[in-house]
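In my numbering, the protein residues as written are 2 to 452.
Ideal Cβ positions, reconstructed from N, Cα and C, are used throughout, including at glycine.
It should be emphasised that the depicted structure is a prediction, and the values quoted were computed from it without experimental measurement.
Structure below.
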């Protein structure tokens, strides 16, 4: 057992800064690198990609990053844990194996966590009487079954722990919680049990701090952000002790900052009831968290309490919900806003007279009220981007909308200075359907492959 262990965040989302993982493995000692790629919208994107090509469905940035960092992982005995497998962790692992073999890294053990994909069993589950109702609307899943594209249970840390126990140097999962990939090394290294709720809650809080990458170390910070050097930000690292206390820090000499304020701001990110932060392992009470700023980019976190978990896994499902398109026109001064507003009126009236029926149509005036809506203060902008989006059940209706934008250049108000991106193309809408499933209905599977 090592004490403490150092767990470093390498990615906070799919599309995060590609240099971060390389800096984490090069700039100082770490034991684990965790890379979080998944969000609900990401799962939908990955599912659409896999529909087009069954070999895809994982975060392809993972492969790019792995090629750079793999030699350091082996040389410095750093283990990598990531949920970048998305909806196709086996496909991701196969690509990682290919890269490892190309680099001459033979004997690298890659653990794959499967079992979160419920699609092969969904009809069996519904037939057994489990309605899988939408968490917000109460709609039963059977009502959208014919359009269902994916359904994945959120696993937590324990399947990853099993992969580590089987000797995995790299662990690739599907829909695992953001916090689980950080908690897993603590359980494995310190021997925490599934009933050590205070310890598990501490690991959950550590995972919540790491899950968004540099957002805990100065990125997207609302405080004195102008004073921060973010050209080469240091992504956060947690030094964890067997009693569940940990210190948030970053590599010396990197940009950004780790302070009580940056850590506290991240703790407030995407939580509902702070007394009930629900994960597969436990319920963490965020109101018990205590922070102590030690200076020099080191913040101690302690005092965290937890309670037993619920009997359910959350399920992230997606289904086909028609088509959409987004088009833009840019109007310049004088009276840029008035021109854009008139163009919006003309376009909507033409669509109405064509008899087109949309489930949703939205207009934003970028440069005026796109961010603040009705709270925007009256201004006279020099330029305004008219951005209008539509959604409909059928392709033809949305496609007809896309052909009505360009005519506004010569048949609408004056001052169009940009038809950004040309005529838009209709795209499929993949909608999100969150629900719950009893844990006993889902069984994780661990596979180990060797380069």
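Mapping the DSSP letters down to three states, classify residue i as helix, strand or coil.
i: residue 413; result: coil
i: residue 134; result: strand
i: residue 12; result: strand
i: residue 181; result: helix
i: residue 34; result: strand
i: residue 162; result: helix
i: residue 73; result: helix
i: residue 443; result: coil
i: residue 307; result: strand
i: residue 103; result: helix
i: residue 363; result: strand
i: residue 399; result: helix
i: residue 147; result: helix
i: residue 280; result: coil
i: residue 332; result: strand
i: residue 62; result: helix
i: residue 68; result: helix
i: residue 275; result: coil
i: residue 139; result: coil
i: residue 419; result: strand
Between which two residues does the beta strand (DSSP E) carrying residue i extend?
i: residue 294; result: 291-294
i: residue 204; result: Unbroken run through residue 204 is the alpha helix (DSSP H), 198-211; no beta strand (DSSP E).
i: residue 387; result: 384-393
i: residue 285; result: 284-286
i: residue 240; result: 238-241
i: residue 380; result: No beta strand (DSSP E) holds residue 380; DSSP gives it neither H nor E.
i: residue 248; result: 247-250
What's the gap between the Cα of residue i and the Cα of residue j?
i: residue 384; j: residue 16; result: 30 angstroms
i: residue 108; j: residue 79; result: 15 angstroms
i: residue 174; j: residue 122; result: 19 angstroms
i: residue 100; j: residue 23; result: 16 angstroms
i: residue 416; j: residue 367; result: 16 angstroms
i: residue 293; j: residue 299; result: 9 angstroms
i: residue 60; j: residue 229; result: 30 angstroms
i: residue 104; j: residue 345; result: 55 angstroms
i: residue 62; j: residue 19; result: 8 angstroms
i: residue 207; j: residue 390; result: 39 angstroms
i: residue 455; j: residue 402; result: Nothing can be reported for residue 455: it is not among the residues displayed for the chain, which extend from 2 to 452.
i: residue 336; j: residue 423; result: 24 angstroms
i: residue 8; j: residue 302; result: 15 angstroms
i: residue 313; j: residue 353; result: 46 angstroms
i: residue 223; j: residue 450; result: 44 angstroms
i: residue 70; j: residue 211; result: 19 angstroms
i: residue 435; j: residue 418; result: 42 angstroms
i: residue 295; j: residue 238; result: 15 angstroms
i: residue 304; j: residue 264; result: 15 angstroms
i: residue 56; j: residue 21; result: 27 angstroms
i: residue 270; j: residue 201; result: 20 angstroms
i: residue 372; j: residue 365; result: 9 angstroms
i: residue 430; j: residue 248; result: 42 angstroms
i: residue 348; j: residue 379; result: 24 angstroms
i: residue 316; j: residue 153; result: 5 angstroms
i: residue 258; j: residue 226; result: 10 angstroms
i: residue 10; j: residue 132; result: 37 angstroms
i: residue 339; j: residue 381; result: 9 angstroms
i: residue 134; j: residue 432; result: 15 angstroms
Let's see if you can read the secondary structure: which residues bound the alpha helix (DSSP H) around residue i?
i: residue 231; result: Element bounds for residue 231: n/a, residue is neither H nor E.
i: residue 44; result: 41-53
i: residue 265; result: 261-268
i: residue 26; result: 20-27
i: residue 123; result: 123-128
i: residue 470; result: The requested residue 470 is not part of the displayed model; the chain covers only 2 to 452.
Tell me residue i's beta-bridge partners as DSSP assigns them.
i: residue 81; result: 34, 171
i: residue 154; result: 316
i: residue 448; result: 113
i: residue 375; result: Answer is none; residue 375 lacks a bridge partner.
i: residue 429; result: 324
i: residue 6; result: 241
i: residue 438; result: 314
i: residue 257; result: None, per the DSSP bridge assignment.
i: residue 301; result: 248, 293
Using a Cβ-Cβ distance under 8 angstroms, would residue i count as near chain C?
i: residue 43; result: Reference to chain C is not applicable here, since this structure consists of a single protein chain.
Check: Is the region 152-160 touching the region 433-448, taking contact as three or more C-beta pairs under 8 angstroms?
Finding: yes
Check: Do the region 300-311 and the region 319-327 touch if we need at least three Cβ pairs shorter than 8 angstroms?
Finding: no
Next item on the list: Check whether the region 402-415 touches the region 279-288, taking contact to mean three or more Cβ pairs, one atom from each stretch, closer than 8 angstroms.
Entry: no
Checklist line | Given 8 angstroms, three or more beta-carbon pairs between the region 251-259 and the region 24-33 | finding: yes
Notebook entry, point to check: Taking contact to mean at least 3 C-beta pairs separated by less than 8 angstroms, is the region 86-99 in contact with the region 163-179?
Noted result: yes
Margin query: Closer than 8 angstroms is the cut-off here; do at least three beta carbon pairs connect the region 128-145 with the region 110-118?
Written below: no
Item checked: Three-pair Cβ contact test at 8 angstroms for the region 38-52 versus the region 212-227 -> no
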